[in-house]
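K.L.:
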Amino acid sequence: MNELFDVKGKVIVVTGATGILAGGAAKYLQKNGATVVYLGRNQERVDNAVTEAKSISDACMGLTSDVLDEESLSKGYEEVISKFGRIDALINGAGGNMPGATIGPDKEIFDLNLDDYSKVMDLNLKGTVLPTLVFGKAFKEQGHGSVINFSSMSSTQALTRVLGYSNAKAAIDNFTRWMATEMALKYGDQVRVNAVAPGFFISKQNKALLTNEDGTFTERGQQVINKTPFKRFGKQKEIYGAIHYLLSDASSFVTGTVLAVDGGFSCFCGV
Ligand SMILES: NC(=O)c1ccc[n+]([C@@H]2O[C@H](COP(=O)([O-])OP(=O)(O)OC[C@H]3O[C@@H](n4cnc5c(N)ncnc54)[C@H](O)[C@@H]3O)[C@@H](O)[C@H]2O)c1
0 MNELFDVKGK VIVVTGATGI LAGGAAKYLQ KNGATVVYLG RNQERVDNAV TEAKSISDAC
60 MGLTSDVLDE ESLSKGYEEV ISKFGRIDAL INGAGGNMPG ATIGPDKEIF DLNLDDYSKV
120 MDLNLKGTVL PTLVFGKAFK EQGHGSVINF SSMSSTQALT RVLGYSNAKA AIDNFTRWMA
180 TEMALKYGDQ VRVNAVAPGF FISKQNKALL TNEDGTFTER GQQVINKTPF KRFGKQKEIY
240 GAIHYLLSDA SSFVTGTVLA VDGGFSCFCG V
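Its first residue numbered 0, the sequence shown is counted upward by one per residue in numbering that gives the first Met the number 0.
1) Could you work out which residue in L72, P228 and K9 is closest to T63 when comparing CA atoms only?
2) Check the C-beta distance from I171 over to N148 and give it rounded, since I have them as a contact under 8 Å.
3) For the region 34-51 and the region 173-186, state whether three or more C-beta atom pairs, one from each stretch, are separated by less than 8 Å.
4) Is DSSP giving C59 helix, strand or coil here?
5) For S154, which residues in the same chain have their Cβ closer than 6 Å to its Cβ, ignoring the five residues on either side in sequence?
6) Cα separation between F109 and V223?
7) Tell me G144's beta-bridge partners as DSSP assigns them.
8) Between V133 and V270, what straight-line distance do the alpha-carbon atoms span, to the nearest angstrom?
9) Looking only at C-alpha atoms, which of G15, R160, S54 and D261 sits nearest to Y37?
10) If we ignore side chains and look at the alpha-carbon of each, how far apart do D257 and F138 end up?
11) DSSP has G39 in a bridge; who is on the other side?
12) Evaluate contact between the region 16-28 and the region 67-84, counting only Cβ atoms and requiring at least three cross-stretch pairs below 8 Å.
13) Alpha carbon to alpha carbon, what distance is there between P228 and G263?
14) For V223, which three-state DSSP category applies?
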């Protein structure tokens, strides 16, 4: 592989590694020679991910932790450092919406459940900030490291129904810029923080919202397609290249950016 894009031997911690986008990217990076730490909340799902990862190479390990649990993340940090000696990158893939935090079509804005709103804010914002503070310590020690956060189309445009999720993802954009600046000023130009902003990819969370059982689009799915110049949803593997680029030396002068991977959704006004 062109050495600009070489990720061989990089130790990469991936949260949400049992999920669709981050999990797929984790396996892709391992196939390209990276050492990958699969972090997920559920022991059985982490074990399954690691079993699959072992069929790629032995350069992997699993960590079971909630991204909101500082103590268990810190324990995980120690385990990774003791096993691999360093951490080159962190992908903050854990996140998503929750049904209770969504304002259904038959509901009023005023029906918003503030507890569920807070849970979604916590998962998507604090669930990125906390792992960055825990695993990012390695970047200070080493003088190098890269963080990739997950933003969303909802961070810059109003996406109906999902207030908490949108507020949190807007904060992710801000956090990405803030942390990129702070890390570079304090620890130098080898520490970078960026984000990817996926357009609409089918995942477990949004499948029923966007598609019917027969594979046709729901009304909301059709609205998304109408505003996507490519006229389709993203395919899982279409996020890998952006992540690969942001992790590699090919992006060595890139920090604080939010890279849209969206088939043109964010540049099209819909008309
Ligand atoms: N799929 C899309 O269209 C899309 C679009 C924009 C942004 N995103 C973002 O991309 C990221 C990955 O989403 P995905 O579509 O692959 O969803 P996914 O549900 O497949 O993956 C999310 C993962 O996060 C894990 N997770 C949730 N809460 C956690 C917690 N407290 N601690 C640890 N892990 C936890 C889940 O178990 C799951 O494995 C999310 O941040 C999501 O908001 C997805």
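Cβ coordinates follow ideal geometry from the N, Cα and C atoms, glycine included.
P.N.:
Based on what the coordinates show:
1) The residue you call residue 63 lines up with position 64 of the sequence shown. It is L72.
2) As a first step, residue 171 is located in the sequence shown; it is residue number 172 there, counting from the start. As a first step, residue 148 is located in the sequence shown; it is residue number 149 there, counting from the start. Indeed they touch by this definition, with Cβ atoms about 5 Å apart.
3) no
4) For this step, residue 59 is matched to residue 60 along the sequence shown. Strand at C59.
5) Locating residue 154 in the sequence shown gives position 155, where the first residue counts as 1. Counting only Cβ-Cβ distances below 6 Å, and skipping sequence neighbours, we find K168, A169 and D172.
6) Here residue 109 refers to the residue found at position 110 when the sequence shown is read from its first residue. Here residue 223 refers to the residue found at position 224 when the sequence shown is read from its first residue. Between F109 and V223, the C-alpha separation is close to 25 Å.
7) Here residue 144 refers to the residue found at position 145 of the sequence shown. In DSSP, G144 forms a bridge with V190.
8) The sequence position of residue 133 within the sequence shown is 134, counting from 1. The sequence position of residue 270 within the sequence shown is 271, counting from 1. Straight-line Cα distance between these residues: approximately 44 Å.
9) If you number the sequence shown from 1, residue 37 lands on position 38. Checking every option, the nearest Cα to that of Y37 belongs to G15.
10) Along the sequence shown, one-based indexing puts residue 257 at 258. Along the sequence shown, one-based indexing puts residue 138 at 139. Contrary to the premise, residue 257 reads as Val rather than Asp in this sequence. Approximately 20 Å between the Cα atoms of the pair.
11) Start at 1 with the first residue of the sequence shown, and residue 39 comes out as number 40. DSSP, once it has assigned bridges, lists T63 as partnering G39.
12) no
13) Your numbering for residue 263 matches position 264 in the sequence shown. Your numbering for residue 228 matches position 229 in the sequence shown. Each residue's alpha carbon lies about 6 Å from the other.
14) Residue mapping note: residue 223 aligns to position 224 of the sequence shown, counting from 1. In the structure shown, V223 sits in a helix (DSSP, three-state: H, G or I).
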